[in-house]
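Student:
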Amino acid sequence: MNNTRNFSIIAHIDHGKSTLADRLLEMTGTLDKRQMREQVLDGMDLERERGITIKATVVRLEHTAADGEKYELNLIDTPGHVDFTYEVSRSLAACEGAVLVVDAVQGVEAQTVANVLLAMEQDLEIVPVINKVDLPGARVEIVSEEIESLLGIPAEDILLASAKNGLGVAEVLDAIIERVPPPGGSPDRPLKALVVDSYYESYRGVVMYTRVVDGTLRKGAPLLLMAAGKVYEAAELGVFEPHMTPVDELHAGSVGYVVGNIKDIQDTQVGDTLTDPERPTDDPFPGYRELQPLVFCGLFPAETSEYAVLREALERLRLNENSFTFEPETSDALGFGFRCGFLGLLHMDVIRERLEREYGLTLITTAPSVRYRVTTADGVELEIENPSAMPEVGEIEEVAEPYVSVNLGTPTEYIGPIMELCESKRGEYRSIEYITPTRAIVHYTLPLSEIVVDFFDRLKSMTRGYGSMDYEVGGYRASSLVKLDILLNGQPVDALSLIVHKERAAVRGRHLVDKLRAIIPRQFFDVPIQAAIGQRVVARETIKALRKNVTAKCYGGDITRKRKLLERQKEGRRRMKSVGNVEVPQEAFLAVLSTDE
Numbered sequence: 001m002n003n004t005r006n007f008s009i010i011a012h013i014d015h016g017k018s019t020l021a022d023r024l025l026e027m028t029g030t031l032d033k034r035q036m037r038e039q040v041l042d043g044m045d046l047e048r049e050r051g052i053t054i055k056a057t058v059v060r061l062e063h064t065a066a067d068g069e070k071y072e073l074n075l076i077d078t079p080g081h082v083d084f085t086y087e088v089s090r091s092l093a094a095c096e097g098a099v100l101v102v103d104a105v106q107g108v109e110a111q112t113v114a115n116v117l118l119a120m121e122q123d124l125e126i127v128p129v130i131n132k133v134d135l136p137g138a139r140v141e142i143v144s145e146e147i148e149s150l151l152g153i154p155a156e157d158i159l160l161a162s163a164k165n166g167l168g169v170a171e172v173l174d175a176i177i178e179r180v181p182p183p184g185g186s187p188d189r190p191l192k193a194l195v196v197d198s199y200y201e202s203y204r205g206v207v208m209y210t211r212v213v214d215g216t217l218r219k220g221a222p223l224l225l226m227a228a229g230k231v232y233e234a235a236e237l238g239v240f241e242p243h244m245t246p247v248d249e250l251h252a253g254s255v256g257y258v259v260g261n262i263k264d265i266q267d268t269q270v271g272d273t274l275t276d277p278e279r280p281t282d283d284p285f286p287g288y289r290e291l292q293p294l295v296f297c298g299l300f301p302a303e304t305s306e307y308a309v310l311r312e313a314l315e316r317l318r319l320n321e322n323s324f325t326f327e328p329e330t331s332d333a334l335g336f337g338f339r340c341g342f343l344g345l346l347h348m349d350v351i352r353e354r355l356e357r358e359y360g361l362t363l364i365t366t367a368p369s370v371r372y373r374v375t376t377a378d379g380v381e382l383e384i385e386n387p388s389a390m391p392e393v394g395e396i397e398e399v400a401e402p403y404v405s406v407n408l409g410t411p412t413e414y415i416g417p418i419m420e421l422c423e424s425k426r427g428e429y430r431s432i433e434y435i436t437p438t439r440a441i442v443h444y445t446l447p448l449s450e451i452v453v454d455f456f457d458r459l460k461s462m463t464r465g466y467g468s469m470d471y472e473v474g475g476y477r478a479s480s481l482v483k484l485d486i487l488l489n490g491q492p493v494d495a496l497s498l499i500v501h502k503e504r505a506a507v508r509g510r511h512l513v514d515k516l517r518a519i520i521p522r523q524f525f526d527v528p529i530q531a532a533i534g535q536r537v538v539a540r541e542t543i544k545a546l547r548k549n550v551t552a553k554c555y556g557g558d559i560t561r562k563r564k565l566l567e568r569q570k571e572g573r574r575r576m577k578s579v580g581n582v583e584v585p586q587e588a589f590l591a592v593l594s595t596d597e
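According to the numbering used here, the residues represented by the sequence shown are 1 to 597, in order.
(1) Can you tell which of G474, T268 and A532 has the C-alpha that lies nearest to the C-alpha of Q491?
(2) Pick helix, strand or coil for V231, following the three-state DSSP scheme.
(3) May I ask you to list the residues that DSSP assigns as paired with H501?
(4) Within a Cβ cutoff of 7 Å, which residues of the same chain sit near P154, ignoring the five residues on either side of it in sequence?
(5) Classify L135 as buried or exposed, calling it buried when 16 or more other Cβ atoms lie within 10 Å of its own Cβ.
(6) Could you check where the alpha helix (DSSP H) with Y359 kicks off and where it finishes?
(7) Does the stretch 496 to 510 come close enough to the stretch 518 to 526 that 3 or more CB-CB pairs lie under 8 Å?
(8) Can you tell me whether DSSP reads S305 as helix, strand or coil?
(9) Which residue comes first and which comes last in the alpha helix (DSSP H) that contains G341?
(10) Whole angstroms is fine: what's the gap from E62's alpha carbon to S405's?
(11) Measuring CB to CB, does G238 end up less than 9 Å from V247?
(12) Please determine if the stretch 445 to 452 and the stretch 415 to 426 are in contact, where contact requires at least 3 C-beta pairs separated by less than 8 Å.
(13) Is it buried or exposed for Q266, if we count other Cβ within 10 angstroms and need 16 for buried?
(14) Got a sec: is the Cβ-Cβ distance from L118 to anything in chain C below 9 Å?
(15) Would you say V113 and L151 are within 9 Å of each other, going by their C-beta atoms?
(16) My understanding is that L334 touches F300, with C-beta atoms under 8 Å, so please give their C-beta distance in whole angstroms.
(17) Would you call the stretch 336 to 353 in contact with the stretch 294 to 309, where contact means no fewer than 3 C-beta pairs closer than 8 Å?
(18) Does the pairing of the stretch 206 to 225 with the stretch 269 to 280 give three or more beta-carbon distances under 8 Å?
(19) Hey, out of P437, Y403 and P391, whose CA is closest to T412's CA?
(20) For N165, I'd like the list of residues in its chain whose CB is within less than 8 Å of its CB, leaving aside the five on either flank, ordered along the chain.
(21) Quick one: is K544 buried, meaning 16 or more other Cβ sit within 10 Å of its Cβ, or exposed?
(22) Closest to E353 by C-alpha separation, out of E327, E329, L317 and S186, would be which residue?
(23) Report the rounded CA-to-CA distance for T362 versus E356, giving the unit in angstroms.
(24) So what does DSSP say about F326, is it helix, strand or coil?
(25) Considering Cα atoms alone, identify which of A65, Y71 and I76 is closest to S18.
(26) Rank L217, G379, A313 and A65 by C-alpha distance to the C-alpha of T257 and give the top, closest one.
(27) Looking only at its chain, what residues have a beta carbon closer than 7 Å to the beta carbon of A302, apart from the 5 residues adjacent to it on each side?
(28) Skipping 5 residues on each side, what residues in its chain have a beta carbon closer than 8 Å to that of N3?
(29) Kindly indicate which residue of R211, V393, Y466 and Q292 has the alpha-carbon position closest to the one of L484.
(30) So, for F326: in the same chain, excluding its five sequence neighbours on each side, which residues have a beta-carbon less than 8 Å away from its beta-carbon?
(31) On the three-state DSSP scale, how would you describe K564?
(32) If I'm right that I126 touches S144 with Cβ under 8 Å, what's the distance once you round it to whole angstroms?
(33) Please specify which runs of the alpha helix (DSSP H), each continuous and at least 4 residues long, are wholly inside the stretch 98 to 135, giving them in chain order.
(34) According to the neighbour-count rule (16 or more other Cβ atoms, all chains shown, within 10 Å of its Cβ), is G51 buried or exposed?
(35) With C-beta atoms as the reference, is S369 less than 9 Å away from D494?
(36) Among residues of its own chain, excluding the 5 on either side of I351, which ones have a beta-carbon nearer than 8 Å to its beta-carbon?
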């Protein structure tokens with residue numbers, strides 16, 4: 001145990017975590033040159049395409065120090081995007097130290113601060129590294145001052161590196177061995193292991209990533225999952241080198257995986273404690289705090305026959321997505337589907353894309369919304385996640401929406417445009433904190449509903465990619481909100497309903513009906529598209545009917561013959577309009593997401 005080190009790599013998105021992990025794998029000989037590739041720990045195609053880490057990954061490194069001592073280093077590569085903070089906190093619970101990577105050009109970003117605070121909450125030893133020091137725009141001294149003043153880490157403890165070309169990586173390895181303490185715990189105590197993560201395999205069942213704290217986990221031994229109260233056998237144990245490598249036992253302090261022929265997904269919970277059923281631990285882990293989803297949307301299969309496949313796919317994904325929730329819902333327009341909760345828009349987008357890629361589904365996604373608190377005239381308080389569930393205008397006493405404290409890192413020349421953006425999103429200014437003469441963090445309080453759709457994209461675009469964002473959920477505040485219904489041919493389409501601020505309802509309604517008029521295909525009858533608040537229509541457009549020339553065969557003769565044909569066509573259209581059904585294409589639901597008005 002004295003020669004074991006468990007550590008994570010934490011950083012803001014795109015500061016070089018995965019590249020540093022690649023160099024550590026290369027330098028310790030875990031993978032040879034032939035096996036190496038960029039982002040080797042990002043196993044998902046989605047991660048490699050987007051250039052981001054989505055799932056935390058575990059790998060064991062074996063390193064011989066300068067004094068000849070051999071060390072076992074368990075590295076956990078973590079995501080950097082604000083939506084995946086829960087992945088970072090989960091990984092840090094299995095570590096004693098964290099390597100903090102900061103970009104030498106961009107400096108300390110909002111998410112850097114958030115990740116360091118997570119590590120400090122777990123009492124981890126932090127090894128600070130300034131990465132990309134070989135770039136022409138590197139500001140090593142200024143970034144060192146930022147780390148010291150903002151994070152309280154002495155400048156003399158900071159290491160300089162360039163993960164891309166291997167500069168300073170040997171010093172990082174030495175610092176991990178010297179500064180990160182060995183794991184606590186005892187091999188003589190009863191078995192106590194933490195379930196860090198898990199996923200489902202068709203032939204082996206549930207595979208659990210575990211960190212053994214006390215005792216020894218042996219192959220073939222019985223295992224008690226304390227939260228579920230179920231006993232299984234440890235059919236296979238192993239470590240990640242970085243591929244799954246079976247071993248006979250996992251000792252106290254090590255990180256590996258367990259396969260127990262567990263077929264019921266519900267039996268395993270991330271944060272659960274594994275122990276010996278005959279000699280159980282009397283000090284189980286408290287479990288991970290359930291994170292509350294912030295963004296909700298409906299997921300519906302394009303083919304109704306795929307509903308059962310979608311349900312099974314969601315259950316399997318839920319196994320290692322601790323902050324993703326779903327429950328069945330029915331829509332008049334889209335049929336049977338699920339109301340799903342996510343930590344943010346990127347999280348939602350990743351889950352949807354994983355469902356489509358890994359399970360071969362074609363999905364229709366409704367517009368994202370947040371959770372509102374509605375007080376009715378009778379004094380009953382409701383929590384509304386789906387806009388179509390909002391009571392009628394006359395029944396509502398008050399609507400409250402969630403607010404967030406947003407920290408926006410930016411170069412000082414973009415402070416003005418950022419403040420304009422926040423004001424346009426109903427923001428409330430709090431303060432500006434200058435880290436250096438050229439960089440600042442702007443603090444605002446904003447409604448969550450205003451930042452879930454396009455806020456981050458606009459921030460990145462107006463700051464030329466240098467802006468960063470981190471947010472914390474605050475409380476609820478009463479707001480002047482209304483439900484905006486979209487009616488097609490006089491019938492409300494529940495999946496297109498939105499909850500918007502009263503002052504912007506008419507503008508948003510006009511924008512939406514214009515978009516829908518261009519997207520929805522023409523029918524054989526006029527289709528009115530209306531945006532309404534309760535009974536009041538605030539915007540209207542009409543899709544004109546496809547018209548067949550019924551008088552083409554009349555070359556002359558009495559005009560009454562033509563009139564009779566036109567009247568018959570008119571009557572047919574009237575009948576069709578009363579029974580006709582307007583098919584809503586997927587693009588219509590995407591149009592609701594677009595807020596370029």
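Where is the CB? At the ideal position from N, CA and C, for every residue including glycine.
Tutor: Looking at the atomic coordinates:
(1) Taking the first residue of the sequence shown as 1, we reach residue 491 at position 491. Nearest of G474, T268 and A532 to Q491, Cα basis: A532.
(2) The residue labelled residue 231 in the question sits at position 231 within the sequence shown. Here V231 sits in strand by DSSP.
(3) The sequence position of residue 501 within the sequence shown is 501, counting from 1. According to DSSP, which records beta bridges pairwise, H501 is partnered with L481.
(4) Walking along the sequence shown from the start, residue 154 turns up at place 154. Hits under 7 Å: E148.
(5) Taking the sequence shown and counting its residues from 1, one reaches residue 135 at position 135. Exposed, since its Cβ has fewer than 16 Cβ neighbours within 10 Å.
(6) Reading the sequence shown from its first residue, position 359 is the one you call residue 359. Element bounds for Y359: L345 to Y359.
(7) no
(8) Here residue 305 refers to the residue found at position 305 of the sequence shown. Reduced to three states, the DSSP call for S305 is helix.
(9) Taking the first residue of the sequence shown as 1, we reach residue 341 at position 341. Unbroken run through G341 is the beta strand (DSSP E), G335 to F342; no alpha helix (DSSP H).
(10) By 1-based counting over the sequence shown, the position of residue 62 is 62. By 1-based counting over the sequence shown, the position of residue 405 is 405. The alpha-carbon atoms of E62 and S405 are separated by roughly 43 Å.
(11) Walking along the sequence shown from the start, residue 238 turns up at place 238. Walking along the sequence shown from the start, residue 247 turns up at place 247. Cβ atoms of G238 and V247: closer than 9 Å.
(12) yes
(13) Residue numbering aside, residue 266 sits at position 266 when the sequence shown is read from its first letter. By the neighbour-count rule (16 or more Cβ atoms within 10 Å), Q266 is not buried but exposed.
(14) Looking for chain C here will not work: only one protein chain is present.
(15) Indexing the sequence shown from 1 puts residue 113 at position 113. Indexing the sequence shown from 1 puts residue 151 at position 151. Cβ atoms of V113 and L151: closer than 9 Å.
(16) On the sequence shown, residue 334 is found 334 positions in, with the first residue counted as 1. On the sequence shown, residue 300 is found 300 positions in, with the first residue counted as 1. Their Cβ separation, rounded to whole angstroms, is 4 Å, which keeps L334 and F300 in contact under 8 Å.
(17) yes
(18) yes
(19) In the sequence shown, residue 412 corresponds to position 412, counting from 1. Minimum Cα distance to T412 is reached at P437.
(20) Within the sequence shown, residue 165 is the residue found at index 165, counting from 1. Excluding positions up to five away in sequence, the list reads D134.
(21) Within the sequence shown, the letter at position 544 stands for residue 544. Exposed is the call here.
(22) The residue you call residue 353 lines up with position 353 of the sequence shown. Closest option to E353, Cα to Cα, is L317.
(23) Counting from 1 along the sequence shown, the entry for residue 362 is found at position 362. Counting from 1 along the sequence shown, the entry for residue 356 is found at position 356. Taking the straight line from one Cα to the other gives about 6 Å.
(24) Numbered from its first residue, the sequence shown carries residue 326 at position 326. Correct three-state label for F326: strand.
(25) As a first step, residue 18 must be located in the sequence shown, where it is residue number 18. The shortest Cα separation from S18 among A65, Y71 and I76 belongs to I76.
(26) Indexing the sequence shown from 1 puts residue 257 at position 257. Note that residue 257 is Tyr in the sequence shown here, rather than Thr. Considering only alpha carbons, the answer is L217.
(27) Stepping through the sequence shown from its first residue, residue 302 is reached at position 302. Cβ neighbours of A302 beyond the five flanking positions: T362, L363 and I364.
(28) Looking up residue 3 in the sequence shown gives position 3. Once the five neighbours on either side are set aside, the close Cβ partners of N3 are E69, K70, Y71, E72 and P182.
(29) On the sequence shown, position 484 is the one that residue 484 refers to. When only C-alpha atoms are compared, the closest one is V393.
(30) Here residue 326 refers to the residue found at position 326 of the sequence shown. The answer, listed in chain order, is L299, L314, R318, F338, R339, C340 and G341.
(31) Translated into the one-based positions of the sequence shown, residue 564 becomes position 564. DSSP places K564 in helix when its eight states are reduced to three.
(32) The count along the sequence shown starts at 1 and reaches residue 126 at position 126. The count along the sequence shown starts at 1 and reaches residue 144 at position 144. Contact flag wrong, Cβ pair sits at about 14 Å.
(33) 110 to 121
(34) Here residue 51 refers to the residue found at position 51 when the sequence shown is read from its first residue. Because G51 sits at a pLDDT of 49, beneath the cut-off of 50, its placement in the model cannot be relied upon, and the following sentence gives the value as read from the coordinates. Exposed, by the Cβ-count rule.
(35) Numbered from its first residue, the sequence shown carries residue 369 at position 369. Numbered from its first residue, the sequence shown carries residue 494 at position 494. Contact: no.
(36) Sequence index remark: in the sequence shown, residue 351 carries index 351 (1-based). So the list reads L317, E321, F324, C340 and F342, once near-sequence residues are dropped.
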